[in-house]
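Sequential numbering of the first sequence, starting at 1, is according to my numbering.
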Amino acid sequence: MEERYDAKAIELRWQRYWSDEGTFKVAEDPGRPKYYCLEMFPYPSGRIHMGHVRNYSIGDVVARYKRMRGFNVLHPMGWDAFGLPAENAAIKHGIHPRQWTLENIDFMRDKQLKRMGLSYDWDREVTTCLEEYYRWNQWIFLKMYEKGLAYKKRSYVNWCPSCNTVLANEQVENGQCWRCGSVVTHKELEQWFFRITAYADELLEYCDKLPGWPERVLTMQRNWIGRSVGVEVDFALEGTGEKLTIFTTRPDTLYGVTFMSIAPEHPLVEMLIQGRPEAAAVRSFVQRVMRLEKAVRTDESQEKEGVFTGAYAVNPLNNEKVPVWVGNFVLMDYGTGAIMSVPAHDQRDFEFAKKYNIPVRVVIQNGKNNLDPTAMKEAYVAEGTMVNSGPFDGTSNVEGKEKVADHVEKRKIGKRTVNWRLRDWGVSRQRYWGTPIPIIYCESCGAVPVPEQDLPVVLPADVQFTGKGMSPLAESASFRETSCPKCGGKARRETDTMDTFVDSSWYFLRYCSPKETKAPFDKNAAAYWMDVDQYIGGIEHAVLHLLYARFFTKVMRDLGLHGGDEPFRNLLTQGMVIKDGAKMSKSKGNVVDPDFIINKYGADTARLFSLFASPPEKDLEWSDQGVDGAYRFLHRVWALMHRFSSRVQGMRAAAAEARGDRLFRKTHQTVKKVTEDIERQFQFNTAIAAMMELVNEMYDYTAQPVPDEKLPVVRAGLETITLLLAPFAPHFAEELWRALGNRTSVAHTAWPAFDPAALAAAEVTVVVQVNGKVRNKLTLPIGMSDPEIEAAALGDAKVREHTAGKTPKKVIVVQGRLVNVVV
RNA sequence: GCCGAAGUGGUGGAAUUGGUAGACACGCACGUUUGAGGGGCGUGUGGGGCAACCCAUGGGGGUUCGAGUCCCCCCUUCGGCACCA
């Protein structure tokens with residue numbers, strides 16, 4: 001063994017060994033328990049960043065640990081390779097997106113990820129921009145089209161003016177594009193959608209069946225899906241044959257309706273105002289509201305405004321005439337685009353009514369029965385008793401909700417219904433670098449799916465990237481012009497591509513059988529490997545990718561492709577890497593380049609630090625000095641091994657006969673602690689701390705010359721620290737394992753077990769308290785009875801001093817911990 | 001506003017069921033090795049006090065022999081959702 005720890009040489013050597021030996025290749029093996037460990041695959045931007053280092057270090061510890069515990073571990077890696085940056089690079093540098101992407105992948109794989117020593121089965125690499133992958137996006141699209149789960153509709157969609165494309169609702173954050181931060185506008189376009197709303201119920205229900213997910217992610221998903229239970233009620237529109245259907249969650253306040261509000265886009269607006277004196281004012285109001293950017297319009301601080309249409313609706317419960325207003329706050333795409341307004345019991349309606357002098361009518365009275373519409377300063381939204389509500393007077397409003405709903409259904413003037421906040425997933429993108437949507441438009445047959453045998457619809461290579469006008473696909477005549485698969489007539493291809501989130505919605509299934517050519521994945525392979533036992537990635541995907549992947553898993557189940565309901569059994573959302581109080585970013589200039597750290601210290605140090613500095617789910621504050629600390633620790637272990645390796649080579653490690661030896665005890669305590677910390681929510685930071693304690697103890701133990709008879713204990717300590725370090729600093733551990741005289745890889749060596757009998761010391765420190773304050777510490781032999789311990793405490797000089805002769809009222813003895821004397 | 005998470009030394013962070021607050025590491029100080037620097041090794045390190053002791057886990061109450069941990073109120077920070085009828 002070398003005297004000096006040369007990380008670079010060691011790491012390259014072991015990386016080659018693992019690759020040559022196929023150490024991490026896996027295949028289905030029904031005889032062994034499987035474990036599927038997955039980290040979110042990266043976008044091949046060109047370089048990995050510290051967030052990747054952290055993410056993949058965490059995942060690799062899990063994978064290596066489970067492997068040592070005897071699991072058949074699937075640990076794959078791939079590339080989320082479609083997306084805008086490639087296309088932007090093409091515009092800027094004139095390099096084709098495909099070339100740019102594939103070169104980035106080669107660099108990131110060979111020069112970066114492989115240098116981290118991650119235990120991937122690289123034979124399963126999946127790259128989403130290759131035909132062999134995206135053809136299955138198209139295939140799935142067609143299956144979904146057949147089932148009505150993919151459909152095209154004209155609607156208002158989110159438009160990012162800088163990315164020049166449509167965005168899904170999930171991709172708009174605070175009115176801004178999730179990728180570039182531009183303010184999102186809205187546009188009316190005909191676009192393809194996936195009917196995720198068909199799964200709203202199940203997606204919500206299963207939030208309660210994912211105990212391995214962080215609560216905050218589930219909460220975000222529940223919020224996003226947004227289930228709301230209520231009643232739809234039809235109001236007749238006076239003087240027309242038409243009716244206005246509204247949705248409400250408060251049927252108990254139906255008798256308090258004093259006006260109606262409808263969305264500016266509501267299809268009935270024009271009919272309502274036709275020929276009325278109000279028509280011009282309403283039209284100008286509608287136009288003004290609709291011109292606003294979506295972000296501005298939906299900003300809550302936006303003043304609530306409205307205009308009276310001149311028309312009246314009739315409340316079906318009390319036959320009262322109420323005015324119909326157009327309100328700028330009513331959303332066309334939620335509920336029915338029309339609402340009943342009850343100023344007395346809804347704050348927004350209250351403010352609106354005050355502004356426009358609309359009457360307020362109390363229909364829910366508080367306990368004191370003193371609500372007075374003329375004196376009210378705000379709406380009363382709490383529970384109470386129904387009043388002014390005809391036959392329902394005197395009913396509690398909670399009960400009233402159900403009774404009025406029953407009444408409405410019985411009279412057939414409405415029905416109970418559920419509304420969702422979740423909208424269908426808009427998947428059309430007006431960009432080149434994505435999966436072409438496999439649809440052909442024929443002048444006589446309309447939209448025709450590309451026949452399965454014609455897949456894939458391949459992205460043409462001969463296109464221009466100008467950054468101007470339409471997407472390169474739309475401008476490519478050779479791509480666009482085709483013939484109808486049905487009638488053979490002249491036809492054109494759909495030139496939109498799919499949202500890249502489609503690619504990442506099922507890649508975890510592809511890893512199960514990445515070379516499969518007849519289907520997206522092999523059913524049996526998926527049956528063996530799925531679900532993903534542990535998924536690890538950033539919190540930023542809490543609703544985006546993680547919701548889409550759940551949806552796709554259910555769709556694919558219903559297509560009969562596999563049997564699972566949910567893709568990810570356990571989810572770990574790791575925190576961000578922070579430096580100087582902010583997320584690392586180029587614009588802030590606080591980026592630390594992983595290559596620099598790996599070159600200077602080695603991958604094992606980079607891994608160790610990123611695991612030690614904080615628990616995985618919390619943010620990690622980068623510290624250059626902290627990295628030094630991790631490096632120093634590895635040096636200390638190395639030096640210790642170097643000092644003893646020749647003396648302990650080939651020797652058997654100490655076993656039961658060494659019980660009672662303090663280093664042997666610490667060794668076994670450390671095995672216990674590290675194992676428990678990994679098993680208990682991956683607390684790698686405390687696991688590493690425990691290993692450091694063991695090493696400190698070994699230094700202390702070997703400070704004096706070690707006699708030969710103690711060498712087996714030292715050997716046990718060295719062997720243990722090597723095995724415990726193996727998942728964390730794998731190259732380093734392999735090297736130590738060799739130095740101990742082994743010839744096999746440590747990667748498949750069994751994780752150490754601890755000897756329970758070796759854990760206990762002969763003596764314990766017992767804290768002695770008087771009235772709850774620590775006054776002394778006693779070292780007592782283990783196994784004393786309570787009265788014996790009590791006697792020892794009462795006899796203690798310090799205790800006597802503090803009890804000052806008084807008789808103890810009570811003495812509490814906690815075995816192995818403390819004695820509290822109460823006076 | 002609603003929902004969620006979190007507030008512990010100079011710093012990152014530890015503290016199974018309520019039972020020695022501050023493990024481990026960084027930083028700092030001193031010592032040692034060295035011609036020096038760097039590095040290594042060792043010792044110390046929450047605050048106050050010569051000490052006995054006292055004070056300390058965002059703040060204030062409470063329960064308990066005993067509270068970072070449990071209960072109530074409040075403050076702050078971060079994240080998500082937010083005109084959803």
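For each residue, glycine too, the CB sits at the ideal point set by N, CA and C. This structure is a prediction, so every number in the text was calculated from the model and none was measured.
Could you check the C-alpha separation between Lys588 and Ile578 for me, to the nearest Å?
By one-based count along the first sequence, residue 588 stands at place 588. By one-based count along the first sequence, residue 578 stands at place 578. One C-alpha to the other measures close to 11 angstroms.
From what residue to what residue does the alpha helix (DSSP H) around Phe501 run?
Position 501 of the first sequence, counted from the first residue, corresponds to residue 501. Taken as a continuous stretch (DSSP letters only), Phe501 belongs to no alpha helix (DSSP H), as it is neither H nor E.
Is DSSP giving Val823 helix, strand or coil here?
Locating residue 823 in the first sequence gives position 823, counting from the first residue. Val823: coil per DSSP, three-state reduction.
Quick one: measure Cβ to Cβ for Phe259 and Ser341, integer angstroms, because I've assumed they're closer than 8 angstroms.
Working through the first sequence from its first residue, we reach residue 259 at position 259. Working through the first sequence from its first residue, we reach residue 341 at position 341. With a Cβ gap of about 5 angstroms, Phe259 and Ser341 count as contacting.
Using DSSP's beta-bridge definition, name the partner residues of Thr670.
For the purposes of this step, residue 670 is taken as residue 670 along the first sequence, with counting starting at 1. Paired residue(s): none; Thr670 is not in a bridge.
Whole-angstrom distance between Gln669 and Leu759, CA atom to CA atom
Taking the first residue of the first sequence as position 1, residue 759 is located at position 759. Taking the first residue of the first sequence as position 1, residue 669 is located at position 669. Distance between the alpha carbons of Leu759 and Gln669: 6 angstroms.
Counterpart residues of Tyr35 in DSSP-defined beta bridges
Counting from 1 along the first sequence, the entry for residue 35 is found at position 35. Answer is Val73, bridged to Tyr35.
With a threshold of 16 other CB atoms inside 10 Å of the CB of Gln826, please say whether the residue is buried or exposed.
The requested residue 826 is not part of the displayed model; the chain covers only 1 to 823.
Indicate whether Met556 and Pro520 have their beta-carbon atoms separated by less than 9 angstroms.
As a first step, residue 556 must be located in the first sequence, where it is residue number 556. As a first step, residue 520 must be located in the first sequence, where it is residue number 520. Yes, the Cβ-Cβ distance between Met556 and Pro520 is below 9 angstroms.
Cα-Cα separation between Gly626 and Gly538, rounded to whole angstroms
Against the first sequence, residue 626 aligns to sequence position 626. Against the first sequence, residue 538 aligns to sequence position 538. So the two alpha carbons sit approximately 23 angstroms from each other.
Considering only the alpha carbon of each residue, which of Val73, Trp638, Glu351 and Arg431 lies closest to Ala733?
Taking the first sequence and counting its residues from 1, one reaches residue 733 at position 733. With distances taken between Cα atoms, Ala733 lies closest to Trp638.
Check whether the Cβ of Ala491 sits closer than 8 angstroms to any heavy atom of the ligand NAP, and report yes or no.
With respect to the ligand NAP, the structure offers nothing, as it holds no ligand at all.
Starting from the C-beta of Gln112, find all residues in its chain whose C-beta is less than 6 angstroms away, skip the five residues before and the five after it, and write them out in chain order.
Translated into the one-based positions of the first sequence, residue 112 becomes position 112. Excluding positions up to five away in sequence, the list reads Ile48.
As assigned by DSSP and simplified to three states, the class of Tyr134
Against the first sequence, residue 134 aligns to sequence position 134. Note: Tyr134 maps to helix in three-state DSSP.
Within a Cβ cutoff of 7 angstroms, which residues of the same chain sit near His52, ignoring the five residues on either side of it in sequence?
The residue you call residue 52 lines up with position 52 of the first sequence. Here the set comprises Pro42.
Check the DSSP bridge columns for Val307 and list the partner residues they point to.
Within the first sequence, the letter at position 307 stands for residue 307. Per DSSP, Val326.
Pairwise C-alpha distance: Leu634 and Pro712
By 1-based counting over the first sequence, the position of residue 712 is 712. By 1-based counting over the first sequence, the position of residue 634 is 634. Pro712 and Leu634: Cα-Cα distance of roughly 22 angstroms.
Assuming Ser228 and Asn366 form a contact by the criterion Cβ under 8 angstroms, report the distance between their Cβ atoms to the nearest whole angstrom.
Position 228 of the first sequence, counted from the first residue, corresponds to residue 228. Position 366 of the first sequence, counted from the first residue, corresponds to residue 366. With a Cβ gap of about 25 angstroms, Ser228 and Asn366 do not count as contacting.
C-alpha distance - Trp178 paired with Arg297, whole-angstrom precision:
Numbered from 1 along the first sequence, position 178 holds the residue referred to as residue 178. Numbered from 1 along the first sequence, position 297 holds the residue referred to as residue 297. Between Trp178 and Arg297, the C-alpha separation is close to 19 angstroms.
Terminal residues of the continuous beta strand (DSSP E) containing Phe194?
For the purposes of this step, residue 194 is taken as the residue at position 194 of the first sequence. Thr185 to Phe194 is the extent of the beta strand (DSSP E) around Phe194.
Excluding the 5 residues flanking Tyr535 on each side, which residues of the same chain have their C-beta closer than 6 angstroms to its C-beta?
Here the question's residue 535 lines up with position 535 in the first sequence. The answer, listed in chain order, is Leu38, Phe568 and Leu571.
Residue from Glu188, Thr722 and Ile789 with nearest C-alpha to Arg817:
In the first sequence, residue 817 corresponds to position 817, counting from 1. Ranking the options by Cα distance to Arg817, first place goes to Ile789.
Cα-Cα separation, Leu561 to Arg550
Stepping through the first sequence from its first residue, residue 561 is reached at position 561. Stepping through the first sequence from its first residue, residue 550 is reached at position 550. Using only the alpha carbons, I get a separation of about 15 angstroms.
Sorted by chain position, which residues of the same chain lie with C-beta nearer than 6 angstroms to Met77's C-beta, five sequence neighbours on each side aside?
Looking up residue 77 in the first sequence gives position 77. Closer than 6 angstroms at the Cβ level, and outside the excluded window around Met77, lie Tyr120.
Can at least three beta-carbon pairs, one atom from the stretch 245-260 and one from the stretch 269-278, be found at a separation below 8 angstroms?
no
Work out the CA separation of Ala762 and Lys810 for me, nearest whole Å.
Locating residue 810 in the first sequence gives position 810, where the first residue counts as 1. Locating residue 762 in the first sequence gives position 762, where the first residue counts as 1. Cα-Cα distance, rounded: 28 angstroms.
If you follow the beta strand (DSSP E) that Lys8 is part of, which residue opens it and which one closes it?
Along the first sequence, one-based indexing puts residue 8 at 8. Careful: Lys8 lies outside any beta strand (DSSP E), inside the alpha helix (DSSP H) at Ala7 to Glu21.
Taking the beta carbon of Ile339 as the centre, do at least 16 other beta carbons fall within 10 Å, making it buried, or is it exposed?
To locate residue 339, count along the first sequence from 1; it is residue 339. Counting Cβ neighbours within 10 Å, Ile339 comes out buried, since at least 16 surround it.
In whole angstroms, give me the CA-to-CA distance for Asn599 and Asp6.
Translated into positions along the first sequence, residue 599 becomes position 599. Translated into positions along the first sequence, residue 6 becomes position 6. Using only the alpha carbons, I get a separation of about 11 angstroms.
With a threshold of 8 angstroms, are at least 3 pairs of Cβ atoms found where one atom belongs to the stretch 155-170 and the other to the stretch 187-194?
yes
Return the residue from the list Asp533, Met290, Ala263 and Val463 that minimises the CA-CA distance to Leu509.
Translated into the one-based positions of the first sequence, residue 509 becomes position 509. Among Asp533, Met290, Ala263 and Val463, the Cα nearest to that of Leu509 is on Asp533.
Relative to the C-alpha of Trp622, which candidate in Ile597, Pro264 and Arg636 has its C-alpha closest?
As a position in the first sequence, residue 622 is number 622, starting the count at 1. Answer by Cα proximity: Ile597.
Below 7 angstroms CB to CB, which residues in the same chain sit around Val706 once its five sequence neighbours on both sides are set aside?
Counting from one through the first sequence, the residue named residue 706 turns up at place 706. Result list for Val706: Val714, in chain order.
Alpha-carbon spacing of Arg4 relative to Pro616, whole angstroms
Taking the first residue of the first sequence as 1, we reach residue 4 at position 4. Taking the first residue of the first sequence as 1, we reach residue 616 at position 616. Going from the Cα of Arg4 to the Cα of Pro616 covers about 31 angstroms.
Pair every Cβ in the stretch 422-430 with every Cβ in the stretch 167-174, then say whether three or more of these pairs are closer than 8 angstroms.
yes
So, with DSSP's three-state summary, where would you put Phe259?
Indexing the first sequence from 1 puts residue 259 at position 259. Note: Phe259 maps to strand in three-state DSSP.
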